[in-house]
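Numbering (our numbering), first residue to last: 2 to 384.
For each residue, glycine too, the CB sits at the ideal point set by N, CA and C.
Structure first, then comments.
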Amino acid sequence: MISYGKQFIDKSDKNAVLSTLSSNWLTQGPKVQEFEAELKNFFGSRYCSVVANGTAALHLTGIALGWGKKDIILCSPMSFVAGANSVIYSGATPDFVDIDENTYNIDVEKLEGKLANLAKKKKKIKAIIATDFAGNPSEWKILKKISKKYKLKLINDNCHALGSKYEMNQKYAVKYADVVIHSYHPVKNITTAEGGAILTNQKAIYKKVNILKSHGIKKNSNNLWYSEMKELGYNYRISDIQCALGISQLKKLNKFVKKRNQIAKLYSQNFNNNIFKKPFVKKRDLHSFHLYPLLIEFNKMKINKYSFLNKMLKEGIKLQVHYIPTHLHAYYKKKFKFKKNDFPVSENFYKSEVSLPIYYGLKKKEVYKVINSIEKICLDNLK
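Following this line, the structure appears as structure tokens:
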């Protein structure tokens, strides 16, 4: 079975993990600090705190920034639910801005309009969470300008975009955003099995999340026996075992992204029928292709999207779907009264989108099997 995503673990990764398993530290040890140092160097941040997962990173960010009741945080509806969920965990209210129909990131014109409208209503907007969907960098210069104009914190949900470049700068994220969020889930561009990180250039944010991630307990290096809980925190720590894997994986990130781009190029060179819409990449940027979202005009076919996915499954290919727009999940419709057509670009994207297999270990013959199977099923089922 060809899956849509898969981790790549080599001998150096296994040796790194085994070495840590044989050491005196399995958690809260030197590999955690080493991984944080490597991430700071690679992504250009002054501070980094590694945590249990990307959701924990977003939650801690909200708490550290003081989000609370009546605060509104603007997000993309075309993202994993963890982003908006984390806003709720922090006590604030998520609201959404529709996506650009080409990049699938937050539409900056709609964002400006929404902010102006909310400001007129005297709503308390605290921050923007901008997702670099699929690995495609957002309009960061414009987002920074907007956030300054409205005095908002800007968070980069960079979980899809590890290894991407905005204006060919791999260290772009912390240049524009107050906080950058990573996830190291196995289908991401590098993995620690489960894991995440908070990167920032702001010391106060770093100090806050570092205490919060470990029960709100403060320690003193000059007094080995001092350990006092200063505030209510969480157990959002990551182990040395995971960090050892992360250190090893990070060394291969550029190689992984290069291979993903090669696969994406093969896909884009072949899907030329007008029922397909391929990902759009600006020449100024490097897309990291965590996902390859292909849009198919199922309204021109005799089968619907889920019949198509099942036919692909019978061919030995498991595609994926990203995502049901957050506002259309049952919880969000019930709690916040969102409804169909609130964010039509995201909804139309979801109706058409399928995510194709893309990962380092994918073979060229498998890529062509995916291409040929999609084309055959689609063209055989045109109306």
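Just to confirm my understanding: we take Y237, look at its own chain, exclude 5 residues before and 5 after, and list those with CB closer than 7 Å. What are they? Answer for Y237: V52, A53, A57, L61 and K214, listed in chain order.
Would N16 be called buried (16 or more neighbouring beta carbons within 10 Å of its own) or exposed? Counting Cβ neighbours within 10 Å, N16 comes out exposed, since fewer than 16 surround it.
How would you call Q29, buried or exposed, if buried means at least 16 neighbouring beta carbons within 10 angstroms? Q29 is exposed by the Cβ-count criterion.
Option nearest K7 by Cα separation, candidates P187, K125 and K115: If you compare the alpha carbons of P187, K125 and K115 with that of K7, the shortest gap goes to P187.
Own chain partners of G136 with C-beta closer than 6 Å, once the 5 adjacent residues on each side are dropped: Within the same chain, G136 has close Cβ partners H161, A162, S165, H288, S289, F290 and H291.
C49 - DSSP class collapsed to helix/strand/coil: Note: C49 maps to strand in three-state DSSP.
Check this for me: beta carbons of L295 and E376, under 9 Å apart or not? Result no, Cβ atoms of L295 and E376 do not sit closer than 9 Å.
Which same chain residues, not among the five before or five after G84, have their C-beta less than 7 Å away from its C-beta? By the criterion of a C-beta distance shorter than 7 Å, G84 is surrounded in its chain by L59, C76, I130, T132 and D158, once the five residues flanking it on both sides are discounted.
What is the residue span of the beta strand (DSSP E) that N157 lies within? Run containing N157: K154 to D158, per the beta strand (DSSP E) assignment.
Distance CB(I73)-CB(L119) smaller than 9 Å: Yes, these two residues count as a Cβ contact at 9 Å.
Would M169 and P326 be called neighbours here (beta carbons separated by less than 9 Å)? No, they are not a contact pair.
Short check: CB of V98 to CB of I242, under 9 Å? It is not a contact, given that the beta carbons lie outside the stated cut-off.
Determine whether the beta carbon atoms of F178 and L153 lie at a separation below 9 Å. For clarity, residue 178 is Ala in the given sequence; the question names Phe instead. No, these two residues do not count as a Cβ contact at 9 Å.
Specify the secondary structure class of E140 as computed by DSSP and reduced to three states. In this structure, E140 counts as coil in the three-state DSSP scheme.
Please report how far the alpha carbon of M313 lies from the alpha carbon of N103, in whole angstroms. Rounded to the nearest whole angstrom, the CA to CA distance from M313 to N103 is 26 Å.
For M313, which of helix, strand or coil comes out of DSSP? M313 carries a helical assignment under DSSP once its states are collapsed to helix, strand and coil.
Alpha carbons only, please: which of W68, F81 and E113 is nearest the one belonging to S91? Ranked by Cα distance from S91, the options W68, F81 and E113 are led by W68.
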